[in-house]
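Peer 1:
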Amino acid sequence: MKILSKNEFRIELGKILTYGSNDITINTEDVEAFAKDKDSIAMCIVEDSSFHTLQEAIKLATLNFEADSILVYFKVNDKKQIMELSEMIHRMIDNNLLISIFGVSFDDNISENDVKTTLFISSSKKQNFNYLNNYIVEEPI
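The sequence shown begins at 1061 in the working numbering and counts up by one.
1. Nearest CA to the CA of G1163: which residue from A1095, D1090, I1170, S1129?
2. Taking the alpha-carbon positions, what's the I1161 to I1130 distance?
3. What separation, rounded to the nearest whole angstrom, lies between the Cα atoms of V1136 and K1098?
4. How many Å lie between E1147 and S1100 at the Cα?
5. Find the nearest neighbour of F1134 within the set K1096, F1069, I1170, judged by alpha-carbon distance.
6. Look up A1102 in the DSSP assignment and say whether it is helix, strand or coil.
7. Could you tell me the alpha carbon to alpha carbon distance between F1069 and L1145, rounded to whole angstroms?
8. Give the straight-line distance between the Cα atoms of K1075 and F1094, rounded to the nearest whole angstrom.
9. Which whole-angstrom value is the C-beta distance of D1167 and K1176, which I expect to be below 8 Å?
10. Within 10 Å of its beta-carbon, does I1071 have 16 or more other beta-carbons around it, so buried, or fewer, so exposed?
11. Quick one: Cα of D1138 to Cα of C1104, how far?
12. Going by Cα to Cα distance, which pick from H1150, R1151, K1140 is closest to E1172?
Printed below as a string of structure tokens:
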């Protein structure tokens, strides 16, 4: 996970948008709205097959780090995964976990069981995301 300043965030966003076919499809208006007036932003791009670990990382970000916005995009290679991801996100929203924006797209280069996830976490407060950083390194999404 990268912890980003506002300028670093704009640079990384530019890279993702420029090389989007290699990473993930992102709606720039969503990201700009997400980042507006935020003091702390963290970003993570991971490919894994574990939905449970993704849920735990989002819960950790929301509950322990006072995140006020979470923006998550998924890339999959299987239509069934879209339903699973959608159901997972709706369950999390129903349980009052803050997910501001999410989206899903297809990529034939991803194995059928994996999900490529781009996760942005922001807060209106200046924060140290080091614990979250360690959590995701030790327990990848």
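The beta-carbon is built from N, C-alpha and C at its ideal position, and this holds for glycine as well.
Peer 2: Well, looking at it:
1. D1090
2. 7 Å
3. 29 Å
4. 28 Å
5. I1170
6. strand
7. 26 Å
8. 17 Å
9. 7 Å
10. exposed
11. 22 Å
12. K1140
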